[in-house]
Amino acid sequence: MLPGPDPQNLLDRDTFSKSDPICVLYTQAVGNKEWREFGRTEVIDNTLNPDFVRKFILDYFFEERENLRFDLYDVDSKSPNLSKHDFLGQVFCTLGEIVGSQGSRLEKPIVGIPGRKCGTIILTAEELNCCRDAVLMQFCANKLDKKDFFGKSDPFLVFYRSNEDGSFTICHKTEVVKNTLNPVWQAFKISVRALCNGDYDRTIKVEVYDWDRDGSHDFIGEFTTSYRELARGQSQFNVYEVVNPKKKGKKKKYTNSGTVTLLSFLVETEVSFLDYIKGGTQINFTVAIDFTASNGNPAQPTSLHYMNPYQLNAYGMALKAVGEIVQDYDSDKMFPALGFGAKLPPDGRISHEFALNGNPQNPYCDGIEGVMEAYYRSLKSVQLYGPTNFAPVINHVARYASSVKDGSQYFVLLIVTDGVISDMAQTKESIVNASKLPMSIIIVGVGPAEFDAMVELDGDDVRVSSRGKYAERDIVQFVPFRDYIDRSGNHILSMARLAKDVLAEIPEQFLSYMRARGIKPSPAPPPYTPPTHVLQTQI
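Start counting the sequence shown at 161; every next residue gets the next number (the working numbering).
See the structure below:
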């Protein structure tokens, strides 16, 4: 991941000329508040609108919150000590915020000097491709040498990529085609990285063998090529003479041991989760909270819903841990928040799908903080009851997901619950139906209960089924919150670990939906080009 900073309208700290800015990036370790310097851009002389060339290469994980801080200085001397230079301001954000912005381009005001406008910074992120192409190729051969005493040869091909030191590494073997000197092998797919390490001119060696049952395969001959040659496709350039060097050395009249011909060559680019996000796909986050009586009276410290003024309860921690990461991918940051298993005022009717903010027509809360407020308000007004039914909230999100199947939106439902599910059959049916839709379900189990039924819903070992129908995709991720309680009481670390585990599967679940539906990412908006200004770069 390459975030690149471009500040504009910086403060002018130099008396006789414009500032000479540099940008310094700081990162934080997981669960640690301490900022560490990650890297510095080059210094650009005499400008208030620098366009830095040097990029920062960071590892990106959807499931982790990567806090970033960009500090800007006006460089006044050759000293590497930043305290010797003038501070121009700073910007705080997360890597997810940059990636989740339209076109992965985030513009933020620079802050840090009270009472002064410090300008703005434009942060862009791009995924390092590292050669994500794969190639689909097919070969045939003609007039190969006959190696078997009784029948014809049983040929197969072995492909090797060359290494920097001149050695070769095997990267593909075709199947064996029995009893023929003119085989046609099946098409096969291989990543460009495996085939040639992304270097189009690197030698690719292909050996041709006659298969023998005892494993002592007979060498027929070999030829070399490169990705660049193969990319020409089917043509006279891609008919190769198979040569056996031993035979060539012994027989003057020897020409070859047959030919191998490339029949087809098709390049496919593997698309990533970030390609969709950059193309504008929004992730919609919905929360559903268990208000059943088994949680205990919220006024008692033993309750899982206890409102401790000094620290979050388990429900609050799970909401915040997951929500703070997912919110970076949702442009309006408005989240529907639902409850289930309570008696509602004024008439005490039992509901398994009620709006935490009390507005069934508009259950949206403003940001994760808005969700937390609505959750605390609900605890004061509803009566905890039962049973524990999941199907209504799953069907609630499924209704929205079924109306946008074009890849522009994907839905994530977080269910936080204390217990044993009451409507298992209906929930399984809801999950099987939802597996056809652009949605994923995260279940966090809080408290000491046995969560065997949840493990069944997770579907990692056996795919969830209902009435003989299996879920099209695995869309449920379950974790028990107790596995993440940090012994030292570091709640930040507990929350980071929880988020990492429950969100790690989302990008692959997201891609499995897009691939199954043949949905390609929308093109990203055109890259931002800063206003033209003369730059002098000091290396």
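Glycine included, C-beta positions come from ideal geometry on N, C-alpha and C. The structure presented is a predicted model; accordingly, all values stated were derived computationally and were not measured.
- Taking the Cα of Gly619 as reference, the smallest distance to any Cα among Ser568, Glu665 and Gly649 is reached at Glu665.
- A distance below 6 Å between beta-carbons, with the five flanking residues on each side excluded, links Asn357 to no residue of its chain.
- A direct Cα-to-Cα measurement between Tyr320 and Ile449 gives close to 55 Å.
- Taken through DSSP and simplified to helix, strand or coil, Lys312 comes out as coil.
- Counting only runs that start and end inside the stretch 547-609, the alpha helix (DSSP H) elements of at least 4 residues fall at 551-561 and 584-594.
- Annotated three-state conformation of Phe425 is strand, per DSSP.
- Cβ contact annotation for Leu573 (same chain, cutoff 6 Å, sequence separation greater than five): Thr446, Val557 and Ile601, in chain order.
- Beta bridge pairing from DSSP links Asp246 with Asp234.
- Here DSSP, grouped into helix, strand and coil, assigns Pro165 to strand.
- DSSP lists Gln188 as the beta-bridge partner residues of Trp195.
- Between Cys183 and Thr207 the beta-carbon gap is near 13 Å, outside 8 Å, which marks them as no contact.
- With fewer than 16 other Cβ atoms from the protein chains shown falling within 10 Å of its own Cβ, Glu430 counts as exposed.
- Pairwise C-beta distances place the stretch 475-483 in contact with the stretch 652-661, as three or more of them are shorter than 8 Å.
- In chain order, Phe425 place their CB closer than 6 Å to the CB of Met297, counting only its own chain and leaving out the 5 sequence neighbours on each side.
- Ranked by Cα distance from Ser261, the first of Asp490, Ile350, Ile591 and Phe451 is Asp490.
- The stretch 453-471 makes no contact with the stretch 414-422; the number of CB pairs closer than 8 Å stays below 3.
- In this structure, DSSP gives Val615 a helical state, which the three-state scheme calls helix.
- Three or more pairs of CB atoms, one per stretch, sit closer than 8 Å, so the stretch 352-371 contacts the stretch 322-333.
- A straight line joining the alpha-carbon of Lys407 with that of Tyr414 spans about 7 Å.
- One alpha carbon belongs to Val403, the other to Phe348, and they sit about 23 Å apart.
- For Ser264, same chain residues with a beta-carbon under 8 Å away, outside a window of 5 residues either side, are Ile258, Thr284, Ala285, Glu286, Leu434, Ile437, Lys438 and Ala684 in chain order.
- The Cβ atoms of Gly501 and Thr441 lie no closer than 7 Å to each other.
- Taking C-beta separations shorter than 7 Å and ignoring five residues to either side along the sequence, the partners of Pro667 in its chain run Phe222 and Phe433, following chain order.
- A distance below 8 Å between beta-carbons, with the five flanking residues on each side excluded, links Asn416 to the following residues of its chain, in chain order: Gly381, Glu401, Val402 and Val403.
- Taken in chain order, the complete beta strand (DSSP E) segments of 3 or more residues contained in the stretch 360-445 are 363-370, 378-386, 399-401 and 419-429.
- Shown here for Ser511: same chain residues with a beta carbon closer than 6 Å to its own, the five before and five after excluded, namely Leu504 in chain order.
- According to DSSP, Tyr630 shares a beta bridge with Ser625.
- Our two residues, His332 and Asn593, have alpha carbons roughly 40 Å apart in a direct line.
- If you compare the alpha carbons of Ala474, Asn650 and Pro506 with that of Tyr535, the shortest gap goes to Ala474.
- Distance check between Pro269 and each of Gly256, Ile204, Pro167 and Glu589 places Pro167 closest, using alpha-carbon atoms only.
- Taking 7 Å as the cut-off, the beta carbon of Asp180 is found closer than this to the beta carbon of Asp205.
- Residue ranges of uninterrupted beta strand (DSSP E) with 3 or more members, entirely inside the stretch 519-544 and ordered along the chain, are 524-526.
- When the alpha-carbon of Asn650 is set against those of Pro165, Thr187 and Gly191, the nearest one is in Gly191.
- Residue state for Tyr466 is assigned as coil, using DSSP reduced to three classes.
- Selection Val606, Ala631 and Tyr630 evaluated against Tyr644 yields Val606 as nearest (Cα-Cα).
- Here the alpha carbon of Gly256 sits roughly 31 Å from the alpha carbon of Phe451.
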